[in-house]
Structures are given as C-alpha cells and as structure tokens.
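Accompanying notes for the structure given below.
Residue numbers (our numbering): 878 to 1197.
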C-alpha cells in the first residue's frame, strides 16, 4: 500500500503571498519610453548681463543730454528775442500820430463802453437785435442836456442818438486813443526792463539697476510597507518563499529664476535770472525818441507861471 503522496517542495504549505513581479516570472518587460525633457531655461544670473547691455544700447544718453542743453539755450534766446520785438513794436506804435494810433488800437465799441461807464446816468448802450449790425448809444431820458457836452463843443444841445453816434463818439474815440498813447509813451521812456540769465547749471545722469536671483529646492521622501509577520511558522515559510517589499519614493524639484533691469534718466536745469534796464537811446534813434517825448505828458515843458501884476507903489505920506 502506497503511502501518502508527499507534496514536493516545502514541508510547510505554500502561503499565498504577493504575486511575483513580471521580471521574476521571466517575462520580458518592454521599456516605456520616457517623455522628452523640457527645454531648460537659462539661469537669470547668466542672462542679466545680456539684458543690461541691450538696454544700454537702446537708451541714447548723449542724445538726451544734447536735447537738454539745446532746449535750454533755445528757450533763453527765444525769450530775449521776444522781449526785444515787443519793445520795438511798442516804440513804433507810440511814435505814430494820435489818429494813426487810434485807428489801429481803439475801436468804436471800446469808445462806446468808455462813454457809458463814464456817464452812466445819461447814456445807455442798446445791444443790436436780429436786424441790427452793431450796438448804438442812446440817451437814458428825453430832453437831456448834460453839462459834460461842453467838453466836446456841444454845450446846450439836446442829447440824442444821432448826436452821440455822429458827433460825440468820434471825439471820445480820439480821446481814448490819446490817453492810451500817452501812457505807453511814458512807459517807453522808462526804458526796457529786460529779464536776463545771470548764471545757472544743467545736470543729467542715467542710473541702471540690474538684479538677478536663482532659487532651487529639492524635496526627496522614501517610505516602505513591509508585510506584517504574525507567527514563527509564517517566519519559517518566508525563508522558503520569496517576499516582496513595496518602496515608495517621491522627488519634488522647485526651480525659480528672476531678473529685473531698470534704467532711470534724470535731467535738471537751474537758472538764476536778473532784471536789467536798457535806456531808450540804446534801442531807438533820435527821431523816434523825439516823437515819443512829444506824446508823453511827463516830457512836455511845463507851462510858465502866470505873470504877477506889478506891485502898487507905496502911497506917499502926507506932509504936516
């Protein structure tokens, strides 16, 4: 009688354990192609010099300084030319006759405004309506004969629109023109009060700022999950069978790079002005100076004082 058939292998029954890997089973494992590595970004410390050099080439600092100097010089020269031209035009205007000056610088509407503001109780300004072409002067009331008409050679006449527009208004216009010309003539005789540059300074600078920072952090973690062993019998079975252990590893890489490039342009102009007076004889000829002096009341010869009547001879004392 045959004995019980012995199970070949271990004296301990086979313990169901984790499946063998495909490599241990003799199977061929196809290699999985790894994804292509991404193009690595160059560090910021390597690109900062190239970026700073490109910015230096883009900023035209000599051109900036040139424009600053030329702009300041042109502004000073232009201001001087404008002062001289304005004073020259003022001298030419004052040297004209009263009629020419009035025709060029005083309008009829300005004369109307002057007359209304001077005599508001007697004269009123009527604005034009839809059919009118210009304002007109009219008396504020009927049958008026103000005293001031004597200043225009119209003493005793009745104030009316025709009188104001045809006879009073032209004289008022000439009077306003003469007053303005006299005032300007007095100002011209004082000379040109010119503003000039005494000294100053121009400064310009450029400031470049470049900064780069590279930072990298690597985190690596490993963990294992061995199978728990309960009894000595299981330990003996583990000596006869293969035992697999799961290993888990984690790798985290954090790489950062940062670069900044900055350029600042600074321009500063400091000018100290001084005021100086140029006399009229350095800017105009003798003929124009004589005309200006004629129109200035300050240069007119003063009227001689009235002659005093001769003193009466003392009365002769009577003889006793």
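Built from N, CA and C at the ideal position, the CB exists for glycine as well.
Query	Result
Confirm, please, whether the CB-CB distance from residue 1131 to residue 920 is below 8 Å.	no
Rounded to the nearest angstrom, what separates residue 1040 and residue 998 at their Cα positions?	17 Å
Please name the residue, chosen from 1166, 1021 and 1072, that lies closest to residue 1033 on a Cα-to-Cα basis.	1021
Going by the DSSP bridge assignment, what does residue 1143 pair with across the sheet?	1082
Taking residue 1080 as the reference, which of 975, 943, 1172 and 923 has the closest Cα?	943
May I have the straight-line CA-CA distance separating residue 925 from residue 1070, to the nearest angstrom?	57 Å
Which whole-angstrom value is the C-beta distance of residue 1017 and residue 1000, which I expect to be below 8 Å?	7 Å
Could you confirm whether any beta carbon from chain D is found closer than 8 Å to the beta carbon of residue 955?	Protein chain content of the structure displayed is limited to a single chain, and chain D is not contained in it.
Have a look at the DSSP bridge pairing and note the partners of residue 1070.	1154
Could you check where the alpha helix (DSSP H) with residue 954 kicks off and where it finishes?	938-971
Helix, strand or coil: which one does DSSP assign to residue 1077?	strand
Any contact between the segment 957-976 and the segment 1082-1096? By contact I mean 3 or more CB pairs, one from each, below 8 Å.	no
Within a Cβ cutoff of 7 Å, which residues of the same chain sit near residue 913, ignoring the five residues on either side of it in sequence?	For residue 913, the predicted model reports a pLDDT of 48, less than 50, meaning its position is unreliable; a value from the coordinates is still stated below. So no residue of the chain qualifies.
Helix, strand or coil for residue 1000 per DSSP?	strand
So for residue 1169, helix, strand or coil by DSSP?	helix
Report the three-state DSSP secondary structure of residue 1137 (helix, strand or coil).	strand
Determine the extent of the beta strand (DSSP E) in which residue 1013 is found, giving its start and end residues.	1013-1016
Starting from residue 1149, follow its DSSP beta bridges and name the residues at the other end.	1076
Indicate the three-state DSSP secondary structure (helix, strand or coil) for residue 926 in the structure shown.	helix
Using the Cα positions of residue 901 and residue 1126, report the straight-line distance between them to the nearest angstrom.	Residue placement at residue 901 is flagged as unreliable, the pLDDT there being 45, under the threshold of 50; the coordinate-derived value follows with that caveat. Answer to the nearest angstrom: the Cα atoms are 22 Å apart.
Taking residue 1062 as the reference, give the member of 1027, 1077, 1141 and 1174 with the closest Cα.	1174
Which class does residue 1092 belong to by DSSP, given the choice of helix, strand or coil?	strand
Quick check: what's the CA-CA separation for residue 1086 versus residue 964?	51 Å
Tell me the rounded alpha-carbon separation between residue 976 and residue 1050.	10 Å
List the residues that DSSP assigns as beta-bridge partners of residue 1131.	1094
Answer with buried or exposed for residue 966, where buried requires no fewer than 16 other C-beta atoms within 10 angstroms of its C-beta.	exposed
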